[in-house]
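**Q**
Residue numbers (the UniProt record's numbering): 1 to 218.
1. Looking at residue 150: is its Cβ nearer than 9 Å to the Cβ of residue 123?
2. Could you check which residue in 193, 198, 201 and 211 has the C-alpha nearest to that of residue 64?
3. Suppose the cutoff is 8 Å on Cβ atoms and the five residues either side in sequence are ignored; what does the same chain contact list for residue 209 look like?
4. What residue range does the beta strand (DSSP E) around residue 153 cover?
5. Just to check my reading of the structure: residue 4 and residue 15 have Cβ atoms closer than 8 Å, yes? What is that Cβ distance to the nearest angstrom?
6. Measure from the alpha carbon of residue 30 to the alpha carbon of each residue in 40, 83, 18 and 36, then state which is nearest.
7. Short of 6 Å in beta carbon distance, which residues of its chain neighbour residue 33, apart from the five on each side in sequence? Order them along the chain.
8. Rounded to a whole number of angstroms, what is the C-alpha to C-alpha distance between residue 86 and residue 77?
9. In the DSSP assignment, the alpha helix (DSSP H) including residue 55 goes from what residue to what residue?
10. Report all residues from its chain with a CB closer than 7 Å to the CB of residue 157; omit the five preceding and five following residues, and keep chain order.
11. Can you confirm whether the segment 123–133 touches the segment 44–61 when touching is taken to mean that 3 or more C-beta pairs between the two stretches lie within less than 8 Å?
12. Could you give the first and the last residue of the continuous beta strand (DSSP E) run that contains residue 158?
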């Protein structure tokens, strides 16, 4: 049973699952890396960060996991010159380079192991930012709605725009006609810890993936 929730099996507690995997990987911090790719409104961006923090705190607190805030590390890439208006493929390429060596610097010399921190990243572009700040209600109401999402990008997915295999029936996304386009929409209010605990690796991605515009939510 969970020490955080005595009446709940530990495998059903998101904080327990994240902490367990961190221990197995020899890691001290968790949280997905976030890329800002829209710079049209500083106030909207700050509102997004505030809402995300409140949702994380509420989710952790609801299941006895507030101690995980001490290990939460928001690494946000903000660089207008590098990232303003770029597509997900550009973000993925930058993230690949960062993830290749960053774990040794962040995790006291430990490698990336199987940590989702180094397999997936979050992109907040203009469309995602608008959905969070102007379409979704603020916390705590945000937990009851499907609106408000971010782009979750799988680092190791390499969708080919001209691949004739496994084409989707829908219109191409970013020029890609495959069902799996290497990114999906994840509900912002459930992003961490719930979706973070849910999608820990390649097999989890295949199980939980939904082609945009469908939004993943626990």
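Ideal Cβ placement from N, Cα and C applies to all residues, glycine included.
**A** Here's the rundown:
1. As a working mapping, residue 150 is identified with position 150 in the chain shown. As a working mapping, residue 123 is identified with position 123 in the chain shown. When the beta-carbon positions are compared, residue 150 and residue 123 come within less than 9 Å of each other.
2. For the purposes of this step, residue 64 is taken as residue 64 along the chain shown, with counting starting at 1. Here the closest residue by C-alpha is 193.
3. As a working note, residue 209 is residue 209 in the chain shown. So the list reads 180, 184 and 216, once near-sequence residues are dropped.
4. Here residue 153 refers to the residue found at position 153 of the chain shown. In the DSSP assignment, residue 153 falls within the beta strand (DSSP E) that extends over 149–154.
5. Here residue 4 refers to the residue found at position 4 of the chain shown. Here residue 15 refers to the residue found at position 15 of the chain shown. In this structure, residue 4 and residue 15 form a Cβ contact; the two beta carbons are roughly 6 Å apart against a cut-off of 8 Å.
6. Here residue 30 refers to the residue found at position 30 when the chain shown is read from its first residue. Taking the Cα of residue 30 as reference, the smallest distance to any Cα among 40, 83, 18 and 36 is reached at 18.
7. In the chain shown, the residue the question calls residue 33 occupies position 33. If you ignore the 5 residues before and after residue 33, its C-beta comes within less than 6 Å of the C-beta of 75 and 121, all in its own chain and listed in chain order.
8. Here residue 86 refers to the residue found at position 86 when the chain shown is read from its first residue. Here residue 77 refers to the residue found at position 77 when the chain shown is read from its first residue. Cα to Cα, residue 86 sits roughly 13 Å from residue 77.
9. Position 55 of the chain shown, counted from the start, is the residue given in the question as residue 55. Per DSSP, residue 55 belongs to the alpha helix (DSSP H) from 42–62.
10. Taking the chain shown and counting its residues from 1, the one referred to as residue 157 is at position 157. For residue 157, where only same-chain residues beyond five positions count, the Cβ hits under 7 Å are 180 and 182.
11. Segments in contact, yes.
12. The sequence position of residue 158 within the chain shown is 158, counting from 1. Under the DSSP assignment, residue 158 falls outside any beta strand (DSSP E); it carries neither an H nor an E label.
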